[in-house]
């Protein structure tokens, strides 16, 4: 990954200190190593992006900065703009038949969630989603088996439950295990696992809004509402 980032950086950089910058990038912890490096409208400031999100680095390579920087001309979050440029998807291509569909209130807003039932962050997100109304939530059950060996089997059992949405919620929120499924029950979990590779979903929860913008992790309720309403900047 870092080789790609270094090559991209060399192509995009116009200042002389690329060797030092590249060295700094290589020494970053794995969770911060970038796949993409983008110029910003701010002189000598760049965004480093990987699937987790974006941070900032200055032209000297000395200062690494986290947080939001908003362009007041258009109220755009510069880091998020660069991140979504690389990691947003076309949500219309998602096979929603492979998802648990929950309609709340008028259902006019839309959210797509890829979640592992044994993932603590997914369980926390489910609690937050309980507070969101007037939305259609498509939840794609999956499993990060290197972390949660039984998650795929649990997802299959939930899907084949009499009331899959209720089974999903009670498992994530209350720990109530679903019944063992009948092997003849059709379930799309294996297809969902293939899809996670296509969309590079290797962390959960991964959330998409109607624009296809991506969030990895658990946002606060207010931030999630902004994201759902497509008012995130």
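Numbering (this note's numbering), first residue to last: 14 to 246. The C-beta atom is built at its ideal place from N, Cα and C for all residues, glycine as well. If you're wondering where the values come from, they're calculated on a predicted model, not measured in any experiment.
Residue range of the beta strand (DSSP E) that includes residue 115: 113 to 117
Proximity of residue 113 and residue 178 at Cβ, strictly below 8 Å: yes
Euclidean distance between Cα positions of residue 39 and residue 118: 49 Å
Limits of the unbroken beta strand (DSSP E) element including residue 154: 148 to 154
Other residues of its chain near residue 83: CB distance less than 8 Å, five sequence neighbours each side excluded: 89, 90, 91, 246
Contact between the segment 118 to 130 and the segment 72 to 86 (3+ Cβ pairs under 8 Å): no
Coarse secondary structure for residue 106, derived from DSSP in three states: helix
Rounded Cβ spacing between residue 104 and residue 221 (contact assumed at less than 8 Å): 5 Å
Coil, strand or helix - residue 214 by DSSP: coil
Residue 182, buried or exposed, once every other Cβ within 10 Å from all chains shown has been counted against 16: buried
Status (buried if at least 16 other CB within 10 Å, exposed otherwise) for residue 100: buried
C-alpha distance - residue 55 paired with residue 69, whole-angstrom precision: 11 Å
Whole-number beta carbon distance between residue 47 and residue 61, since they are thought to touch under 8 Å: 4 Å
Contacting residues, own chain, Cβ-Cβ under 6 Å from residue 135 (five flanking each side not counted): 128, 129, 217, 218
As assigned by DSSP and simplified to three states, the class of residue 63: strand
Counted within 10 angstroms of its Cβ, other Cβ atoms place residue 85 as buried (16 or more) or exposed: exposed
Beta carbon of residue 160 nearer than 8 Å to that of residue 231: no
Touching by the beta-carbon criterion (3+ pairs, under 8 Å), the segment 185 to 193 and the segment 145 to 161: no
Unbroken stretches of the beta strand (DSSP E), 3 residues or longer, contained in the segment 124 to 188: 148 to 154
First through last residue of the alpha helix (DSSP H) which encompasses residue 95: 91 to 100
Cα-Cα separation, residue 53 to residue 141: 33 Å
Three-way DSSP call (helix, strand, coil) for residue 29 in this model: Model confidence at residue 29 stands at a pLDDT of 42, short of 50, so the residue's coordinates are unreliable and nothing is read from them.
Sheet register partners of residue 196 (DSSP bridge): DSSP output for residue 196 lists no bridge partner at all.
For residue 234, the three-state DSSP class (helix, strand or coil): helix
Boundaries of the beta strand (DSSP E) in which residue 52 is found, first to last residue: 49 to 52
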